[in-house]
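Please read the structure below before turning to the comments.
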Amino acid sequence: MDIHVRFAQGQSLRKIASELGISRNTVKHHLQQQTMPTYAKRSQQP
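Under full-length UniProt numbering, the first residue of the sequence shown is numbered 1, with each subsequent residue one higher.
Right under this line is the structure:
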């Protein structure tokens, strides 16, 4: 479920962060940016 949807449903930043395993600051950041986070897979080091 999207961070924005959870927040609109009334969930607290703390609960969202806890359920997703990220910090509250990260949740706040993504709510301010109005975008979903995209994570690129890192290449392995030799």
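Glycine included, C-beta positions come from ideal geometry on N, C-alpha and C. Computed from a predicted model, the values in this text were never measured in an experiment.
Check                                                                                     : Outcome
Name the two residues that bound the continuous alpha helix (DSSP H) containing S18.      : L13 to L20
Using only the alpha-carbon positions, how far apart do Q9 and R24 sit?                   : 17 angstroms
Could you spell out where the alpha helix (DSSP H) holding Q33 opens and where it closes? : R24 to Q33
Rounding to the nearest angstrom, what Cα-Cα distance links H30 and I3 in this structure? : 8 angstroms
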